[in-house]
Amino acid sequence: MRTHVSSRCCGGVRSISSTGVRPVARIPTGTWDSSIPNGIWPTTSGSCTPRCCPTTNSFFIRVWPRGSHGHGRRPDVSDARVAALKPAAGIAAPPAALPPATVYLALGGLVLLLFILELTIGVVPIPMSALVDIFTGDVPERASWTRIVLDFRLPRAWAAVLAGAGIGMTGLLLQTLFRNPLADPWVLGVVNGAGLGVAIMVVAVSWFGTDLLASLGAAGDLAYIVTAGLGAAALMAGLAAAAPRVTSVTLLVTGVVLGFTCQGLISIVLHLAPDEAVGRAFSAWFDGNFTGIGYTRLYVFTPLIGMACLAAFAMVKSLNTLLLGDRYAASLGLDVTRARRVGLGVAALLAGTVTAFCGPIAFLGILVPHACRLLLSTADHRVLMPAVTIGGAALALGADLVTHLPWSRHLLHVNAVTGAVGGPIVLWMLLRSRVRWT
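In our numbering, the protein residues as written are 2 to 439.
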């Protein structure tokens, strides 16, 4: 991530890039370009002495007019709005943005199509006419189709929707809170921290009976969620403490190292289990899948994801303000530390809940936010949050559909599909980054 600053010194607006000092097109001071919403200017690299320009991490730089009150703040600016940018002279225009309503409708239609395909495609193909009969209460051509759809495929498809929406939202939160475009629950090792919490709880309970958690019903599910959430929260707290003192690449390496450390600890904990069946069951869960989630678990899974997503939507103004940098956010009256803690808590709840029910899901949290930014050409969370929830559901449904194609002789895990797609994309993003080791 680059470091950008805005200044009226040296006769123009300039910025400092963390990757080096280079000249930038000068923008005369004492003027206000009304074509730029709320004075937000597209980021570029520039030169100015650190002595006259205090630095702040931000996705944007702000152009202030000469003669304004205070330190150049516009009198009518009461909050930091991150909206679609209009280019000024000499600055390349961003890609044309699609209307948000169009993107939402397209993604919603894709989710509906994939959901229907999830119910019809599989080892046992089920025609559309049979689906209509099943959901209208009529008896289909084969009675077994009703049980296949209602007891197996429908819960699996709904679990994929919830998991995709939750992980997509988690990825967006982490990328904003850590100011790192590659932040993701999988890349940062957060899901491995959640897995470690679950492993400790499962092995500890298995000494009192391997079927104890299953017999507890919803209480057992809540135990999974609490331990997974605590593991995810502990790892995110460590990363948040280290983030201000390290570069974005170092933060990623730290997350990867912590993830592998958690995997090693998981293996040690499972070795202490009284029965080998515990390790086999945990390994199957840790590969990530949406199967085996019945309606009883969905009654717990659905409201938790819904409440966590609503909590994330309630933070939209704070998240938009954080995009403009901690110093400017604090000048607007935002408690930056509290906002980050609340955001990390919501992200931990989302990641922990999804991991508890579906296992770790790889790369979904990094693919969905970037795809939505490309479609909408904005960093405004008011626009992005609905898109990442719907887009995450679509991507999770698509990945799960691939794992259950009828020509497959063996059951694939979701991470096999998301890893094959997401891994090269993450590598490409890392290689094209301007951040260099020094």
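Beta carbons are placed, not taken as given, at the ideal position from N, Cα and C, and that holds for glycine.
Specify the secondary structure class of E142 as computed by DSSP and reduced to three states.
It is coil, neither helix nor strand.
When you compare each of L413, A400 and L385 to L115 by their alpha carbons, which one comes out closest?
A400
To the nearest angstrom, report how far apart R468 and S145 are at their CA atoms.
With the chain represented from 2 up to 439, any question about residue 468 goes unanswered, as that position is not in the structure.
Mind the definition here: the stretch 141–161 touches the stretch 364–375 only if three or more C-beta pairs lie below 8 Å; say whether that holds.
no
Among L197, L398 and F179, which one has its Cα closest to the Cα of T262?
L197
Sort A421, V257 and L320 by Cα distance to A348 and report the nearest one.
L320
When you compare each of G265, A340, G194 and A313 to G326 by their alpha carbons, which one comes out closest?
A340
Between A164 and A397, is the Cβ-Cβ spacing less than 8 Å?
With respect to the 8 Å criterion, A164 and A397 are classified as neighbours on the basis of their beta carbons.
Spatial neighbours of I367 within its chain, please: CB distance less than 7 Å, with the 5 preceding and 5 following residues excluded, ordered by chain position.
G172, L183, D185, V188, G423 and V427, listed in sequence order.
The alpha helix (DSSP H) that contains I201, what's its start and end?
V191 to S207
For E119, count neighbouring Cβ atoms within 10 angstroms of its own Cβ and tell me buried if that reaches 16, exposed if not.
buried
Looking at C-alpha atoms only, which residue of I391, A417, P101 and L253 is the closest neighbour of L402?
Distance check between L402 and each of I391, A417, P101 and L253 places A417 closest, using alpha-carbon atoms only.
For N321, report the span of its alpha helix (DSSP H) as first-last.
V317 to L323
Sort L333, N290 and L324 by Cα distance to L412 and report the nearest one.
The candidate whose alpha carbon is nearest that of L412 is N290.
Curious, which full-length alpha helix (DSSP H) runs of at least 4 residues does the stretch 319–402 contain?
327–332, 337–359 and 365–377
What is the DSSP secondary structure of F179, reduced to helix, strand or coil?
coil
Going by C-alpha distance, which of A224, I226, T255 and T248 is nearest M237?
T255
Can you give the Cα-Cα distance for A312 and L266, rounded to whole angstroms?
Looking at the two C-alpha atoms, the distance is approximately 32 Å.
Who are the near neighbours of G280 in its chain, counting only those whose CB is closer than 7 Å to its CB and skipping five residues on each side?
L271 and A274
Of the choices A330, I117 and V301, whose alpha-carbon is the least far from that of M129?
I117
Helix, strand or coil for W187? Go by DSSP, reduced to three states.
It is coil, neither helix nor strand.
State the CB to CB distance for the pair V369 and P101, rounded to an integer number of angstroms; the pair is presumed to be in contact (CB under 8 Å).
Contact doesn't hold; Cβ gap of about 16 Å is too wide.
Ordered along the chain, which non-local residues of its own chain (more than five positions away) have a Cβ less than 7 Å from that of A235?
G194
For P425, which residues in the same chain have their Cβ closer than 6 Å to its Cβ, ignoring the five residues on either side in sequence?
none
Please state whether the Cβ-Cβ distance between V415 and M170 is less than 8 Å.
no
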